[in-house]
Every structure is written in C-alpha cells, then in structure tokens.
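Visitor: Take this structure, written in structure tokens, and hold onto it; I'll ask about it next.
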Amino acid sequence: MKFFNKELSWLSFNERVLQEAADDAVPVIERMRFLGIFSSNMDEFFQVRVAEVKRRIFFSQQQPERKQQELLMSELQQKVVQLQQQFDEVLQAVLIALAEHNILLMETGLLSDDERQRLNQFFVEKVRRFIVPVLISEKTNLANVVREDENYLCVEIDHSKGRSYALIEVPSDSLERFIKLPGDSASKRHKLLFLDDVLQLNLEALFRGIVPFNKLRAFSFKMTRDAEYRPSDDIEQSVLERMEEGLKQRIKADPVRLVYDRDMPDEMLAFLCDKLQLNPFDSLVAGGRYRNTRDFAKFPNFGAASLEHARQPAIEHPKFLRQDNVFDTIRSSDILLYYPYHRFSHFTEFVRHAAYDPKVNRISLCIYRVAPNSRVIRSLINAVQNGKQVTVMVELQARFDEEANIEWAKELTEAGVRVSFGIHGLKVHSKLMLVHRQEGIGERRYAVIGTGNFHEGTAQVYTDFSLFTCNPELCADVDHVFQYLDQPYRSHHFRHLMIAPVNMRQRLIDLIEFEIEQAHAGKAAEIFLKVNNLEDSSLIVQLYRASRAGVKVRCLVRGMCSLRAGVDNLSENIEVRSIVDRYLEHARIYLFHHAGSQEVYIASADLMTRNLDHRVEVAAPITDTDGRADLLKVMELQWRDRAKSRIVDAEQRNHYCCAEESSANRRLLRSQVAIYNYFKRRVYD
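FYI, in my numbering the residues of the sequence shown are 1057 to 1741.
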C-alpha cells in the first residue's frame, strides 16, 4: 500500500501520548495529565474520525467500498481495545507511583468510619443539590436524555416488584472531580476520592423515602456522539441563527461509542444498548471503574513541586525591549516569536497599543479560537470605543468552539465591530491581523501572521510562530486576504503569501518539482517539513516522486501521517519523526533547499486535503535574517531530538529514535529544553 490509513495513524499518534504517561522519567503528576490528554483525544477521535467512518459505511453506494469501511471499523475497534488495555495498565502504574509520593486515590473499601461520615456530610452540604436522578421507564427516551460525553451512573434498583433502573449524572461541571480528604499530618499523606465515589457511598441516602428498594448498585458509563452537524438552510434566518439551529443537532446526534465499567452486569449493558439505540457499528468499550478520565488532564498536585514540570518562564524577545513604541520596534525589523518560549503578551500588547494609538485608524483580525476571557477581544472593543474601524472575521464552524464564537460574534457586533463570517463552504483557519496606521503623509500597514490561534490559554502549551512585520509587500498580500474574505468572487493575486485554496497547493507542488529537477541535475536537493498532519494523497505522491529522484526529505509530523516512509523504490529517501513532549507541537514550517537560497515558510495549514482545498489558510515566507536563523535552528534541534522523538516508519511502530540506546542517553538532547535554552541565550544585532 502507498498510504497508511489516516484513522489508524491517528491512533498511532495517541499511542505516543500514552508512551509519555508510561515513561517513568516524566514527573508523575504530568504522567497523570498525559493520561487525561490521551482520554480527551480518544473522545474526539470517536466524535470525529469514527463517526466519519460510520457515515461512510451507511452511505456507501458500492458494496466493495462499504466492505472496505466495515473492515476498517473492525480494525479501529480492535486497536481501541488494545489501547484501552494499555491505558488501564499505565494508570495502575501511575497510581502506584503517586502513592509512593503520598498521593493516594482511595478506594471506598479502605475508608475509615470517620472518613465516610465526613463524606456523607460533604454529600449533603455540597453535592446533593446538583443531583436529580432520572427514573427510567418504558416511556423514557434515554438517547435524548444522555448528554454527549458526560459521566453517568446507571443505578440498578432491586425491589419487591423486580428490577428497575435510574440514571445519575456526575456533576463534575459544578464540582471538583477529585475530592481531598482530611490529611494525616504525621505521614503527610494526601488522600483523594473521585466525586463518583461520593455518589456511590450515598446512593441509599439519595433514594431513601423516594423510591422503595431492597438493594442498590451503580456502574459508570458515557456515550459519545457524532460531532458532525449541518447548519440550517433557512434563508430567512441570519448566519448566526442558522448556526445555532444547526448546533442543536449535535445534542441529539447519532451515538458512536458507549464506554462502560467492565464490571457492569450483562443485563444492565443490554438494557443501556437498547435504550440508547446503539447499532452493530457503534463501539462498545469496556473500561475501568471511572469514566471521563480526560479529567486527569487537570489532576491537582498536592505533593512536591518536583512532581510536575518545573516552571519555565516565557522569554521576552530582546527586540521588543529596545523601544517603548511597538510600532517603532516592528518598523526596525521583522520579529519572529515562538510561543510558549516567547511571551504571548507581546502579541496582546501589540493589539492593546493598536487599540488606543491615535495614529491607528483600522484593524482587521481573524478569529478561529480565542480564550474565554480574551484580552484580544477586549482590546478590539476598546479600539471601537476609541473611534477606530475594526473588522473581525469570526469562523463560526471552529469545531467544539462554535457556541463560544457565536457569542463572541454577538458581543463584538453589539460593541460596534464589523463582524464577517468568511466564505460559504470554506473554513477560515488563517491566523492574521492587519493594522493601518497613519505615518507622515501616508499610511503604513503592520501585520501579524501566525501558525496558531490568538488564544492566551493555548499559547502557554502549544508551540506556534508569529511573524510581526511591516514589509509593504507582505502587508499588501495580507490586505488582499481580508479583501478575498469579503469579496471571494473577485480575482485576487498574491505575490508572496501562499493562500489556500487559491495558490497554496500549486505553489507547494512547484517547490517540490524544483527540488526534483535539482536532484536530476545532480545538485543538492532537500525538503524539510514540520506539520501536525500529513494526509493529502497528491502531495504525498509528489514527495514519493522527490524521494525516487534522490531528494532528501525529512518530515516532523506530530499527528496523522498517511505517508509510508523508508519503503524501497517508493520512499527510501524519506524519514518521518514525531515529537510528543511537554508542549504540543503545533507550528507548521515548510523548508526547501531551493538551490541553496532556502525557501522558508511558516503556515497555518497542515498538509491535508481539507486544509489545502476547503479552508482559507496562509503560509508566509520568512525573509528576515534573524527569523530564518531561528527557524532553521529550531528545525535542526527538533530533528536531533533523542529524548522525545519517535520514528514514524511504514508500519508506525513508534520506536524512539534511539531505542537501542539507554534511557539516559535518550535524554542527551531534548529539543524543547534545548530550544528554550537557545532563545534564553539568543542575542540579536
């Protein structure tokens, strides 16, 4: 096969996340959090990827295609079961490691009478008000009652007339999931209990006097739904109203997975499957006692500071310290920031200054995801209050942020911001800001072009680049992007930026073709890519052609990779590696040797068909000497990583780059640490 299946490749990526949780060299609290990240990823995998396979099965017109998708679904389910077993094993190992540091996740059977009494009191005072059991009858439409990916207890009620069931939602949206018990000061032990167990301990108190029973027992489950939805096509509704109407579909979307306590009785499981209207293609996943282990991602550290990653303060970029006025700084030279190594506040300060600088008259910005209490949004509203013309392109279909973006669109509109929603049929995924500033007798434009969202939260944990520039030609191209978003029916020419779906695919093909020609001529030829996902089949075929021509191809791919590297007569000159570490690798970089001139781009786009053909994406050339040097240094440090880098071979077996070396040697170069130290020491002329 030329291509590795993208869904299976995604599971291979999540296995790398699980490797981090299993690595005893990782601080134990961080290991617990990696388990939470793994679980959260798996939830999204079923909501998006498995749901898509299920749709392909149901809507396949040809029997061979349907059969192929059914076989894929079977493979996915087998791999998921395997990963779930690995997860359970790693969790037990992490719990033992936590206990060694006096952090104990308690089992209810080990609680003392005094602790039980305290928990009963806690239930009455803090928990009970949030609990309203659903008594399930023949008329109960359980599929409409059960919310997407929420944590439930199914309660079996044995009584004189037989057996019935009730449903309890664990209120972890309202209360902390991990309840701390009074500590033992002598031993300095920290005892924690799941909120779920507090409910289990108080089942009788909850039902007594309301429902007659002889015996109660409860088991956890959760259901995952298809995340796809179709916005309403009612032409009499506004764009926002159509989106809000469409989002309601997600609440009642088809189920794709039921995860349940493996100790659940068969009769209860059969009852749930029937009431939830599950079909044979829905995944039934048996797990441990607890659901929504994604909450481990927020696991608190009650122990020593050494149990989690040492704090790594973001670095101030030296160029931003040279002058008080941020526009003077950018006018001196382009500046390339790399979050979270550099302070994201450099960007929020840029927006804030633009909001009240009397020389600024217009601001344009694209929003895909922003923080809940976004300083960026506040500054844009302040800019309107200061009489500036502000245009914000809000992407309403940013998956799982649709509702938040609808609310931001309303708030911005009410504040006087001109809000647009992009181009029908295309998601706007580009990360752009443009400021028009009156200087002297003319106007100068300042642009920010990024690889990641303008989000204060994710900027602390996602690695992303932002280019600050007032280069007239680049800024003219950015201005044309905003015009394109407003008037897509007009012809738009971009001199320097790659724009999807306008010219990006063809520009990438042309750059690959140039390297092939160089290799055929016996000259040096190399391609070096860093992306989250590499999936587009036509570009992969071009990379295969490059490999066969003798072009050296290196790829850093964090997530899905459909390219099969190192295959004789196909891709023997291609190497693929993947880094999973403290920060989520999110930046996209395209680097081409280009006869020694080094064409270097930062981009918002992964090399996926959806990004190249169905989204508005931007890739910007880095021409500034300092920025190019920083990018090349980052890429080489990441390629030399021997601590967190895995080989993504043709079978995606996730071997560490130096698996044959000792664990100690693997830690000789850890790129994220090396990059931080590089920027900490970096001096600019």
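Where is the CB? At the ideal position from N, CA and C, for every residue including glycine.
(1) Taking only runs that begin and end inside the region 1581-1633, name each unbroken beta strand (DSSP E) of 3 or more residues, in chain order.
(2) Assuming T1507 contacts R1644 (C-beta within less than 8 angstroms), just tell me the rounded distance between them.
(3) What did DSSP end up calling D1680 once you bin it into helix, strand or coil?
(4) According to DSSP, is G1506 helix, strand or coil?
(5) Output yes or no for whether 8 angstroms exceeds the beta carbon distance between L1392 and D1697.
(6) Use the C-beta contact count for M1057: other C-beta atoms within 10 angstroms, 16 or more gives buried, fewer gives exposed.
(7) Assuming M1554 and Y1657 are in contact, meaning their beta carbons sit under 8 angstroms apart, how far apart are those beta carbons, in whole angstroms?
(8) Can you tell me whether DSSP reads E1451 as helix, strand or coil?
(9) Quick check on C1531: does DSSP put it in helix, strand or coil?
(10) Answer with buried or exposed for K1195, where buried requires no fewer than 16 other C-beta atoms within 10 angstroms of its C-beta.
(11) Counting beta carbon pairs with one atom in the region 1672-1681 and one in the region 1478-1498, are three or more of them shorter than 8 angstroms?
(12) Within the same chain, show all residues whose beta-carbon is closer than 6 angstroms to that of S1701, passing over the 5 residues directly before and after it, in chain order.
(13) Since T1519 sits in a beta bridge, which residues does DSSP pair it with?
(14) Looking only at its chain, what residues have a beta carbon closer than 7 angstroms to the beta carbon of E1463, apart from the 5 residues adjacent to it on each side?
(15) Take S1389 as the anchor and find which of Q1140, H1642, L1523 and S1727 has the nearest alpha-carbon.
(16) Looking at the unbroken alpha helix (DSSP H) that takes in Q1494, where does it start and where does it end?
(17) Tell me the DSSP bridge mates of C1329?
(18) Rounded to a whole number of angstroms, what is the C-alpha to C-alpha distance between E1292 and Q1445?
(19) Tell whether a beta-carbon distance below 8 angstroms holds between A1283 and R1455.
(20) Between the alpha carbons of L1154 and A1503, how many angstroms are there, rounded?
(21) In three-state terms, what does DSSP make of A1411?
(22) What is the residue span of the beta strand (DSSP E) that H1246 lies within?
(23) Under three-state DSSP, which class holds F1060?
(24) Let's test the definition: count the other Cβ atoms within 10 Å of the Cβ of F1376 and tell me whether it reaches 16, buried, or not, exposed.
(25) Straight-line CA distance for K1062 to N1438?
(26) Considering only residues of the region 1098-1163, which uninterrupted beta strand (DSSP E) runs meet the minimum length of 3 residues and lie entirely inside it, listed in chain order?
(27) Taking the continuous beta strand (DSSP E) assigned at L1421, which residues delimit it?
(28) Between the beta-carbon of L1363 and the beta-carbon of I1678, is there less than 8 angstroms?
(29) What is the rounded straight-line gap between the Cα of S1718 and the Cα of T1385?
(30) Could you tell me the boundaries of the beta strand (DSSP E) in which A1556 lies?
(31) Quick test of the definition: if touching needs 3 or more C-beta pairs under 8 angstroms, does the region 1526-1533 touch the region 1494-1503?
(32) According to DSSP, simplified to helix, strand and coil, what is I1291?
(33) Pull up the distance between the alpha-carbon of L1612 and that of H1711, whole angstroms please.
(34) Just list the residues that DSSP pairs F1275 with in beta bridges.
(35) Just the Cα atoms here: how many angstroms apart are F1090 and D1099?
(36) Does the Cβ of P1369 lie closer than 7 angstroms to at least one heavy atom of the ligand COA?
Guide: If we stick to the structure as given:
(1) 1582-1587 and 1608-1613
(2) Translated into positions along the sequence shown, residue 1507 becomes position 451. Translated into positions along the sequence shown, residue 1644 becomes position 588. About 5 angstroms separates the two Cβ atoms, so the contact holds.
(3) Walking along the sequence shown from the start, residue 1680 turns up at place 624. It is coil, neither helix nor strand.
(4) For the purposes of this step, residue 1506 is taken as the residue at position 450 of the sequence shown. Strand at G1506.
(5) Translated into positions along the sequence shown, residue 1392 becomes position 336. Translated into positions along the sequence shown, residue 1697 becomes position 641. Going by C-beta atoms, L1392 is not nearer than 8 angstroms to D1697.
(6) On the sequence shown, position 1 is the one that residue 1057 refers to. Its Cβ having fewer than 16 others within 10 Å, M1057 is exposed.
(7) The sequence position of residue 1554 within the sequence shown is 498, counting from 1. The sequence position of residue 1657 within the sequence shown is 601, counting from 1. Contact holds; Cβ gap of about 7 angstroms.
(8) Within the sequence shown, the letter at position 395 stands for residue 1451. The answer is coil: DSSP assigns E1451 none of H, G, I, E or B.
(9) Translated into the one-based positions of the sequence shown, residue 1531 becomes position 475. It is helical.
(10) Counting from one through the sequence shown, the residue named residue 1195 turns up at place 139. With fewer than 16 other Cβ atoms within 10 Å, it is exposed.
(11) yes
(12) Taking the first residue of the sequence shown as 1, we reach residue 1701 at position 645. Within the same chain, S1701 has close Cβ partners R1633, I1635 and C1713.
(13) If you number the sequence shown from 1, residue 1519 lands on position 463. For T1519, which the question treats as bridged, DSSP gives the partners E1641.
(14) Residue numbering aside, residue 1463 sits at position 407 when the sequence shown is read from its first letter. Hits under 7 angstroms: none found.
(15) Translated into the one-based positions of the sequence shown, residue 1389 becomes position 333. Among Q1140, H1642, L1523 and S1727, the Cα nearest to that of S1389 is on L1523.
(16) Translated into positions along the sequence shown, residue 1494 becomes position 438. Note, Q1494: premise wrong, no alpha helix (DSSP H); beta strand (DSSP E) at K1487 to E1495.
(17) Mapped onto the sequence shown, residue 1329 falls at position 273. Note: C1329 sits in no beta bridge, so no partner.
(18) In the sequence shown, the residue the question calls residue 1292 occupies position 236. In the sequence shown, the residue the question calls residue 1445 occupies position 389. Confidence at E1292 is low in this model, with a pLDDT of 49, below 50, so its placement is unreliable and the value that follows should be read with caution. Spanning the two alpha carbons is a distance of roughly 29 angstroms.
(19) Here residue 1283 corresponds to residue number 227 of the sequence shown, with the count starting at 1. Here residue 1455 corresponds to residue number 399 of the sequence shown, with the count starting at 1. Yes, the pair counts as a contact, with Cβ atoms nearer than the cut-off.
(20) For this step, residue 1154 is matched to residue 98 along the sequence shown. For this step, residue 1503 is matched to residue 447 along the sequence shown. Answer to the nearest angstrom: the Cα atoms are 47 angstroms apart.
(21) What you label residue 1411 is simply residue 355 of the sequence shown in a count that begins at 1. Helix at A1411.
(22) Reading the sequence shown from its first residue, position 190 is the one you call residue 1246. Counting along the chain, the beta strand (DSSP E) containing H1246 begins and ends at H1246 to F1250.
(23) Working through the sequence shown from its first residue, we reach residue 1060 at position 4. Coil.
(24) If you number the sequence shown from 1, residue 1376 lands on position 320. Looking at its Cβ environment, which holds 16 or more other Cβ atoms inside 10 Å, F1376 is buried.
(25) Residue mapping note: residue 1062 aligns to position 6 of the sequence shown, counting from 1. Residue mapping note: residue 1438 aligns to position 382 of the sequence shown, counting from 1. Straight-line Cα distance between these residues: approximately 44 angstroms.
(26) 1159-1161
(27) For the purposes of this step, residue 1421 is identified with residue 365 of the sequence shown, where counting begins at 1. Looking at the DSSP string, the run of the beta strand (DSSP E) that includes L1421 is V1416 to I1423.
(28) The residue labelled residue 1363 in the question sits at position 307 within the sequence shown. The residue labelled residue 1678 in the question sits at position 622 within the sequence shown. No, the Cβ-Cβ distance between L1363 and I1678 is not below 8 angstroms.
(29) Start at 1 with the first residue of the sequence shown, and residue 1718 comes out as number 662. Start at 1 with the first residue of the sequence shown, and residue 1385 comes out as number 329. Low local confidence applies: a pLDDT of 46 at S1718 is under 50, so the model's placement there is unreliable, and no value is given.
(30) Within the sequence shown, numbered from 1, the residue matching residue 1556 stands at position 500. Note, A1556: beta strand (DSSP E), M1554 to A1556.
(31) They touch, by the three-pair rule.
(32) For the purposes of this step, residue 1291 is identified with residue 235 of the sequence shown, where counting begins at 1. The predicted position of I1291 is uncertain, since its pLDDT is 46 and thus under 50; a value taken from the coordinates is nonetheless stated next. It is coil, neither helix nor strand.
(33) Walking along the sequence shown from the start, residue 1612 turns up at place 556. Walking along the sequence shown from the start, residue 1711 turns up at place 655. One C-alpha to the other measures close to 15 angstroms.
(34) Numbered from 1 along the sequence shown, position 219 holds the residue referred to as residue 1275. Answer is C1210.
(35) Position 34 of the sequence shown holds residue 1090. Position 43 of the sequence shown holds residue 1099. Distance between the alpha carbons of F1090 and D1099: 14 angstroms.
(36) Looking for the ligand COA in the displayed structure turns up nothing, as the structure carries no ligands at all.
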